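Participant: My questions all concern the structure below.
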Amino acid sequence: MWSRPLLSLSLFAVLQPLVYAQNLSGVCPAYDGLVYTDANNQSYAIYCNSDSSPGSYTNQNTASFAACMAVCDTAGSACQSVTYTTGGACYLKAGFSSNTTASGVYSAQKFTAPPYPAPQLNYANASTGCGTPLPAGITPGGTSTSVNVTYGGLTRSYRIHIPSLYDIHKASPLILSFHGRGSSPGLNEQESGLDKINWNPYGIVVYPQGINGAQWQGDPMAVGIGEDDTGFTDYLITAIQSQYCIDTGRTFATGMSNGGGFSGILACNSSLSSRFAAFGMHSGAFYTNTTDIQCTSPSTVLTSNNLVGTCAPGHTIPLLEVHGTADGTIPYLGGARRGYCLPTIAHWVSDWAARDGLSTTANMTYLYNNPNVTRFEYGGAGGMVTHVQVGGMDHVWAQTANGAPIDSTPLMINHFYRWTNPNGPTFDYLNVPAASNVTASSTATTSASSTSTSASSTSTSSSSASSGSTSASSPASTSASTTSTAPAS
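In terms of full-length UniProt numbering, the sequence shown is residues 1 to 489.
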């Protein structure tokens, strides 16, 4: 199994109304990925059906998951997390470094809200919706809500998540996340984990629903049918800003597969791109308007002409793309697919660096000291354009809980906030393990790497790393084993 990186939980005290759950009959599944505050007023991040590491320093039997957390409360600072089993065993742990899927096992980590992402420019970037009460039925930290709207004579819909720390008087970041072709907002929420408070404690997340087969502009199925997803997105941003307190300088777009490709379409739009501060694409389907018959060189195909038009962004675009080398749906090496030509991911990312006026020579590092996860940064420190190559991963959103070597969502959150901080791209908002520079090479290669974590009582892990420093002209594909697949795009 692979380890989940330890995320930063600041000691900064935020006087926000966390979701109190003392009166609930049970913690799971209602608070999975959310914050539960127990009878002792101690807050915990909850992970249902998840074991955690490190191992425990002691254990005892308790009558419930809530009672297990109460024992941790009594232990004070010695206990930072617990794991509870349906058999009544309560394991107390001195820290929290990773979790793995385990049926009938429940984990909780003591939680202190991190600070609001610097800076707090509410006086400059607060939307017209600040101060407006939440719509009926929508609560901070509650279950995400589906909303129907009419746009262009059609009924469109979206799913919205309001974080536990939302304050109607404090401007929140806004993240629009687009599902893959044939998928749905609910599945996109589940696969991305953007609703998890440890990763995204302050950002409102909107998951729009595609139409005509649940795809987005930029997909071959959307060609020539008059689908106006860009207009719908523009409409949605305006509507959300009028109903909720949004930081208009921190609107971000991300998406999976065709949704990632559509995020690229938004980034290419000369006017709409200016409404977004940064973009993140996962396993993106970046179709060009070159036909499959003409697709003789995916590594040089023209990427500036997509299936919507010519790429002409309204500003320099901070962008992060994550892709698995064993992607069997949107191949890392590109090629002919569904009548059109997909570029190699390396070529697509390098073209974006050039479009932003950056050098097409990237700084190459291993993430988490894992040679199977390689980061390519274009444009100096922080990489305004960044690509993360995951060796052996198929067409899925990377989560360690599902067997991937990384959690990609914290990387996206860091990229978003890094490039909206006027102090410069110096600090990560979420603390992830440091990268290590790799030995000089012109291409990226990965080898098998393994990390194992045990169940409640013990835990061990291992990883490999390289030393040295280099730059690389572009990433290259590798071969390795794979994880499960996701909807086709």
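C-beta atoms are modelled at their ideal positions from N, C-alpha and C, and glycine is treated no differently.
Remember, predicted model here, so these are calculated numbers, not experimental data.
Should His315 go down as buried or exposed, given a rule of 16 or more other Cβ atoms within 10 Å for buried?
Facilitator: Burial call: exposed.
Participant: Using 8 Å as the Cβ pair cut-off and three pairs as the minimum, do the stretch 129-139 and the stretch 198-213 touch?
Facilitator: The stretch 129-139, when compared against the stretch 198-213, does not touch it at the 8 Å Cβ threshold.
Participant: Which partner residues of Val388 appear in the DSSP bridge assignment?
Facilitator: Paired residues: Val322 and Arg375.
Participant: Under a three-way DSSP split, which group does Leu358 fall into?
Facilitator: Of the three classes helix, strand and coil, the one that applies to Leu358 here is coil, per DSSP.
Participant: What's the C-alpha gap between Thr446 and Val71?
Facilitator: Note that Thr446 has pLDDT 32, beneath the 50 cutoff, so the model's placement of it is unreliable and the number below is only indicative. Their backbone Cα atoms lie some 44 Å apart in a straight line.
Participant: When the Cβ atoms of the stretch 151-162 are set against those of the stretch 254-265, are three or more pairs found closer than 8 Å?
Facilitator: As far as the Cβ criterion goes, the stretch 151-162 does not touch the stretch 254-265, which means the pair count is below three.
Participant: Using only alpha-carbon positions, find the residue among Gly129, Arg181, Asn198 and Gly203 that is nearest to Ile160.
Facilitator: Of Gly129, Arg181, Asn198 and Gly203, the residue nearest in Cα terms is Gly203.
Participant: Considering only residues of the stretch 108-154, which uninterrupted alpha helix (DSSP H) runs meet the minimum length of 4 residues and lie entirely inside it, listed in chain order?
Facilitator: Counting only runs of 4 or more, we get 122-125.
Participant: Look up Asn370 in the DSSP assignment and give the residues it is bridged to.
Facilitator: Note: Asn370 sits in a beta bridge opposite Leu367.
Participant: To the nearest angstrom, report how far apart Glu227 and Arg337 are at their CA atoms.
Facilitator: Roughly 21 Å separates the two Cα atoms.
Participant: Under the assumption that Gln294 contacts Cys341 (Cβ atoms under 8 Å), give the Cβ distance between them as a whole number of angstroms.
Facilitator: Contact holds; Cβ gap of about 7 Å.
Participant: From Asp428 to Asn200, what distance separates their C-alpha atoms?
Facilitator: Near 13 Å, if we compare the C-alpha coordinates of Asn200 and Asp428.
Participant: Under a three-way DSSP split, which group does Ile265 fall into?
Facilitator: It is helical.
Participant: Specify the secondary structure class of Gly231 as computed by DSSP and reduced to three states.
Facilitator: Of the three classes helix, strand and coil, the one that applies to Gly231 here is helix, per DSSP.
Participant: Could you check whether Asn369 and Gly259 sit closer than 8 Å to each other, using their CB atoms as the reference points?
Facilitator: Contact: no.
Participant: Write down every uninterrupted run of the alpha helix (DSSP H) in the stretch 268-355 whose length is 4 residues or greater and which is fully enclosed by it, in chain order.
Facilitator: Complete alpha helix (DSSP H) runs here, min 4: 345-355.
Participant: Name, in chain order, the residues that DSSP records as bridge partners for His161.
Facilitator: According to DSSP, which records beta bridges pairwise, His161 is partnered with Val205.
Participant: What three-state label does DSSP hand Gln60 in the structure shown?
Facilitator: Gln60: strand per DSSP, three-state reduction.
Participant: Measuring alpha carbon to alpha carbon, tell me which of Asp229, Leu319, Val35 and His387 ends up nearest Arg156.
Facilitator: Nearest of Asp229, Leu319, Val35 and His387 to Arg156, Cα basis: Asp229.
Participant: For Pro114 and Gly218, I'd like the C-alpha separation in whole angstroms.
Facilitator: Distance between the alpha carbons of Pro114 and Gly218: 37 Å.
Participant: Looking only at DSSP bridge pairs, what is Asp428 linked to?
Facilitator: DSSP lists no partner for Asp428.
Participant: What is the rounded straight-line gap between the Cα of Ser271 and the Cα of Gly76?
Facilitator: Cα to Cα, the separation comes out at about 53 Å.
Participant: Measure how close the beta-carbons of Gly33 and Gly193 come, nearest whole angstrom, since I'm counting them as under 8 Å.
Facilitator: Confirmed, about 7 Å.
Participant: Rounded to the nearest angstrom, what separates Thr74 and Gly26 at their Cα positions?
Facilitator: Taking the straight line joining both Cα atoms gives about 21 Å.
Participant: Which same chain residues, not among the five before or five after Asn61, have their C-beta less than 8 Å away from its C-beta?
Facilitator: Cβ neighbours of Asn61 beyond the five flanking positions: Gly88, Ala89 and Cys90.
Participant: Just the Cα atoms here: how many angstroms apart are Ala171 and Thr300?
Facilitator: C-alpha separation (whole angstroms): 43 Å.
Participant: Taking the alpha-carbon of Thr296 as reference, which of Phe279, Phe286 and Gly335 has the nearest alpha-carbon?
Facilitator: Of the listed residues, the one whose Cα sits closest to Thr296 is Gly335.
Participant: If I'm right that Thr420 touches Arg250 with Cβ under 8 Å, what's the distance once you round it to whole angstroms?
Facilitator: Their Cβ separation, rounded to whole angstroms, is 5 Å, which keeps Thr420 and Arg250 in contact under 8 Å.
Participant: Straight-line CA distance for Phe252 to Ala63?
Facilitator: Their Cα atoms are separated by approximately 44 Å.
Participant: Indicate whether Tyr378 and Ser408 have their beta-carbon atoms separated by less than 8 Å.
Facilitator: Contact flag unset, no.
Participant: Can you tell me whether Gly260 is helix, strand or coil according to DSSP?
Facilitator: Gly260: helix per DSSP, three-state reduction.
Participant: Pull the bridge partners of Phe252 from the DSSP assignment, please.
Facilitator: Looking at the DSSP assignment, Phe252 forms a beta bridge with Ile175 and Ala278.
Participant: Can you list, in chain order, the residues of its chain whose CB lies under 8 Å from that of Tyr158, leaving out five sequence neighbours each side?
Facilitator: Excluding residues within five positions, the ones whose Cβ falls inside 8 Å are Ser146, Val147, Val149, Pro185, Val206, Tyr207, Pro208, Gln209 and Leu236.
Participant: For Ala21, does the three-state DSSP call read helix, strand or coil?
Facilitator: Confidence is the limiting factor: at Ala21 the pLDDT is only 34, short of 50, which leaves the residue's position unreliable, though a coordinate-based value still follows. In this structure, Ala21 counts as coil in the three-state DSSP scheme.
Participant: Leaving out the 5 sequence neighbours to the left and right, which residues in its chain are closer than 7 Å to Met221 when beta-carbon positions are compared?
Facilitator: Excluding sequence neighbours, Met221 sits near Asn212, Gly213 and Gln215.
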